[in-house]
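Have a look at the structure below, then the notes.
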Amino acid sequence: MKSCSPPQATPASPSRRNFLRGVPVVTAAAAVAPTPAIASTGKHQWAMLIDVRKCIGCQACTVSCIQENAVPEGSFRTVVSTYSVKLTDSAQPAGTYVLPRLCNHCDNPPCIPVCPVSATYKREDGIVAVDGDRCVGCAYCVQACPYDARFINHETNKADKCTFCAHRVDAGLLPACVETCVGGARIFGDINDPESELARRLKEAQPQLKVLKPELETAPRVFYIGLDERFTGKVEGQGTLWKPRNLPHA
Amino acid sequence: MNPNIVETINVAREVAWLPWAVQYFFLIGLSYGACLLSLPGIVFRRPGWAGISRLALLGALVCGLAAPVALLADLHQPGRFWHFYAYFTPTSWMSWGAFFIPVYLGGLLTYAWLAFRPDLARHAQGGGKLAGLAGVLAYGGHESRGALKAAALLAFVGAALVALYTGAEVAVVQARPLWNTPLLPLQFFITAFAGAVGLALLFNRFSVRDAAANRRMAGVLAATQVVALAVGALWLALGVSGISPVHAQALAEVGPSANWQLSAAWAVAATVLTLVLAWKWPGSGLLIGLLALHSAWMMRWSIFIGGQEVPKTGAGYYTYSLPLGPEGLMGIVGTAGLWVFLFILITTLLPLDRLAAGNTDKAAA
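Chains A and B are the protein sequences, given in the same order.
Take 1 as the starting number for the first sequence in UniProt numbering and just add one per residue.
Take 1 as the starting number for the second sequence in UniProt numbering and just add one per residue.
Shown next, in the form of C-alpha cells:
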C-alpha cells in the first residue's frame, strides 16, 4: 500500500474541539457576519482526515448524516463498515476493525467526466456536487464511482452522495458527521490554510497517511490514519451484507 | 476469500442500471447487427441473400424502434431526456450516444422506407389490412437505388457508432473491473450480430421456411460462434496469465464465485452447442436461432446485473432478486410487449412471407 502524497497546503479548518470552542462566537456572530475561517469563499479546499484508531464504530456519523440530509430509508451517504478480524497474535480470537466510508471528493473524480449532462461537478472549494436540477438519473456516475459512494435517491430520482454537508460548510458549520463523531475520529478543514488543525494533523501523520484505492489515482480528499492495507480496496473477506427489506427498489 | 475477515456491518448498494438497460443493450445490439445483415441482399444484391436481408431489415426496424423506449425507461428522470441535447458533455460516451442513436435510427428508418416502398405499394394495391396507410407510406412506391444506398450508408455509419458507444460506455468504467476490459465491446458486438442472425433465422422459420437461406444463415452463425469462443478464450488466457492486468483483475473479481462459474460454463456450453448444431445440423434453424438470441441476452444480463452484484469496496457479493414491478420483471415484459406490438404493426403493412420471399415479383406471385 502506498502512502498518498503529502498535501501541499496547510489547513485551516477547525477540528471538532477547536470548532466547539468557537461555537459561542459563531452563535453570537451568526446574525452579524459569517465566520471567515470556515466560510466558503472559493479559496478554501475542503478535505477530511479520518483517524481510524479513534473510531469506535458507533455509527453516530451514519445517523446524523441521515437526519441532516434527509437520506431516504435504506440509503446511506456515509457508513462505518465493520469487520471481525481473526487475531493471530492475541489471546482473544478476533478483533473488530472499523472503517468510515463516504464520498472521497476526489481531485480527479471518475464520476465527473462520465456524467452525460455535466450535472456532477467540482466546486471551487473542492467539494464534488450534483446539480439536482440538471441530473437525469442515468446512474452512470453511480457506476463510475470506485468507492460505492453514490446511489440513486428514490425520493428525488437523482444521483445522491455525501456533499461534505456543503450547506452547513457554506454557513460556517462543520459537516454533521464530524460534529457528531464521538471519538473525534473525523477532522474536517481547509488544506489551503496552514494554520488549521487538519493541515497540522496531515503533516504530522504523513508517514502513515493513506487513501482508499490509491492505484486508481483519483486523488481522494479523504485521508486516513490507521488504515489497514487489507481494507484499502475491495475487502477480501466473507460478506454478510445487510440489505434493506420491504422497501421499494430495495 | 479471506476467511479471517468477516464483514459484519456494511450496506448493499442496489442495482442502479435496471433490467431496462439490459433490454436496451440487447435490442439495440440486435438492431445494429440485423442492419449489417441487411446489407448483402438489399444494397449489394448478393445472390441468395435477398430474403435474409429483407427479414434482417425488418428485425433491425422492430428492435431499433423498441430499444430507445427501454433506454428512456432506465432513466430515473425520463422527462429530462432533452438535457442530453441541451448539455452535451464530450467526455461522456453516454452523451455521444444520445447523438449517435438518432443518426442511426434516422438512417435506418430512411433506409427501410426506401427498401420497402415497393412492398408497401403492393400491399396498398392488394387491399389488405391497413392498405390505406400502406399507400400513404409508399408515397408512389418507387424504387430509388441511389437514395437507398445513401440511406444505407448513413444507417451503417450510425450502426457502427452505436456499436462503438455502447461498448465503450461500459468498458471505460474503471470502477468495475469486469466491465473495464478492452475485449468487452468486441464481445458485445459478436453476440449482438449472432443474435441478429438468430432473429432472422426465426423470421425465416415462421414465414417461408427457405432451406437455402436457413443453411446460409446457419453458416454465418457458426462463424460467429467460433469467433465468440476465440475471444472468450483470449479473455481467459489474458486473465489467467496475468499478461493483461485489467483482465486478471476482472477474472479475480468473479472467478471465486460459484454463480459466476456456472454462468461461464453455461455461456460456453450454449456457444458450443449453437456452433455444433449450426455446423452439423444447419436445418435446426429454430433451435439455433433461439440459442443465439438467448446467448446475446444472457451475456448482457450477466454483465450488467451480475456486474453490479460485485461490491466495489465491500466483501463478498450482493444478491439480486428480480423485483416484479416496473423496475424489474415488468420492464422486461413491457419491452417484449412493445416489441410484439411493433412487429405486428409492421408485418401487417409488410407481411413476413412477402419480405422473406426475397424479390417482390416472387412475393407477388
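Ideal Cβ placement from N, Cα and C applies to all residues, glycine included.
State the start and end residues of the unbroken alpha helix (DSSP H) segment that holds residue i.
i         : result
Ser241(B) : 211 to 241
Asp74(B)  : 50 to 74
Gly158(B) : 145 to 171
Asp170(A) : 166 to 170
Leu99(A)  : Here Leu99(A) belongs to no alpha helix (DSSP H); instead the beta strand (DSSP E) covers 94 to 101.
Asp353(B) : 352 to 356
Ser38(B)  : 19 to 42
Does residue i get closer than 8 Å to chain A when you measure Cβ to Cβ?
i              : result
Thr8(B)        : yes
Val69(B)       : no
Met217(B)      : no
Arg300(B)      : no
Met94(B)       : yes
Val22(B)       : no
Phe81(B)       : yes
His76(B)       : yes
Thr181(B)      : no
Arg45(B)       : no
Ala98(B)       : yes
Ala364(B)      : Its pLDDT being 39, under 50, Ala364(B) is placed unreliably in this model, and the value from its coordinates should be taken loosely. False, the Cβ-Cβ gap to chain A never drops below 8 Å.
Thr335(B)      : no
Ile305(B)      : no
residue 377(B) : A question about residue 377(B) goes unanswered here, because the residues of chain B that appear run from 1 up to 365.
Arg13(B)       : yes
Ala258(B)      : no
Tyr111(B)      : no
Pro3(B)        : yes
Tyr104(B)      : no
Would you say residue i faces chain B, with C-beta separation under 8 Å as the test?
i         : result
Val23(A)  : Note that Val23(A) scores 41 on pLDDT, short of 50, meaning its location in the model is unreliable and no value can be drawn from it.
Asp89(A)  : no
Val79(A)  : yes
Ala176(A) : no
Gly95(A)  : no
Cys145(A) : yes
Ala30(A)  : Note that Ala30(A) has pLDDT 38, beneath the 50 cutoff, so the model's placement of it is unreliable and the number below is only indicative. Not an interface residue.
Cys138(A) : yes
Asp148(A) : yes
Val117(A) : yes
How about residue i and residue j: do their beta carbons lie closer than 8 Å?
i         : j         : result
Cys65(A)  : Thr82(A)  : no
Leu293(B) : Leu58(B)  : no
Gly137(A) : Ile152(A) : yes
Val235(A) : Ile50(A)  : no
Cys141(A) : Val182(A) : no
Leu273(B) : Val231(B) : no
Gly57(A)  : Thr88(A)  : no
Gly135(B) : Ala150(B) : no
Pro351(B) : Glu253(B) : no
Gly107(B) : Gly158(B) : yes
Val208(B) : Asp353(B) : yes
Leu27(B)  : Cys63(B)  : yes
Lys158(A) : His76(B)  : yes
Ser38(B)  : Ala56(B)  : yes
Thr166(B) : Ala194(B) : no
Ala149(A) : Cys135(A) : no
Arg205(B) : Gly48(B)  : no
Ala168(B) : Trp93(B)  : yes
Leu114(B) : Ala60(B)  : no
Ala139(A) : Glu68(A)  : no
Ala98(B)  : Phe84(B)  : yes
Tyr147(A) : Asn108(A) : no
What residue range does the beta strand (DSSP E) around residue i cover?
i         : result
Arg200(A) : Taken as a continuous stretch (DSSP letters only), Arg200(A) belongs to no beta strand (DSSP E), being part of the alpha helix (DSSP H) at 197 to 204.
Gly106(B) : Counting along the chain, Gly106(B) falls outside any beta strand (DSSP E), though it belongs to the alpha helix (DSSP H) covering 93 to 126.
Phe84(B)  : Not the beta strand (DSSP E): Phe84(B) falls in the alpha helix (DSSP H), residues 83 to 86.
Could you give the C-beta distance for residue i and residue j, rounded to a whole number, given that I count them as a contact under 8 Å?
i         : j         : result
Leu209(A) : Ile225(A) : 6 Å
Gln59(A)  : Ile191(A) : Gln59(A) to Ile191(A), Cβ: 27 Å. No contact.
Val333(B) : Gln238(A) : At roughly 36 Å, the Cβ-Cβ gap does not stay under 8 Å, so Val333(B) and Gln238(A) are not in contact.
Pro100(A) : Cys145(A) : Contact doesn't hold; Cβ gap of about 17 Å is too wide.
Gly126(A) : Ala47(A)  : 7 Å
Leu154(B) : Thr110(B) : 7 Å
Quick one: does the C-beta of residue i sit closer than 7 Å to a heavy atom of the ligand SAH?
i         : result
Pro177(B) : Ligands displayed in this structure: none; no statement on the ligand SAH is therefore possible.
Which residues, in order along the segment 201 to 219 of chain A, keep a beta-carbon less than 7 Å from a beta-carbon of chain B? Result list: Leu216.
Output needed in chain order: residues of the segment 96 to 115 of chain A with a Cβ under 7 Å from some Cβ in chain B. So the list reads Arg101, Pro110, Pro113, Val114, Cys115, given in the order they occur along the chain.
At a CB distance below 7 Å, what residues from the segment 155 to 174 of chain B approach chain A? Give them in sequence order. Within the segment 155 to 174 of chain B, the residues whose Cβ lies closer than 7 Å to any Cβ of chain A are, in chain order, Val173, Gln174.
In chain order, what residues of the segment 223 to 243 of chain A put their CB closer than 9 Å to some CB of chain B? Here the close residues are Arg230, Phe231, Gly233, Lys234, Val235, Glu236, Gly237, Gln238, Gly239, Thr240, Leu241, Trp242, Lys243.
Could you list the residues in the segment 150 to 183 of chain A with a C-beta less than 7 Å from some C-beta on chain B, going in chain order? Listed by position along the chain: Phe151, Ile152, Asn157, Lys158.
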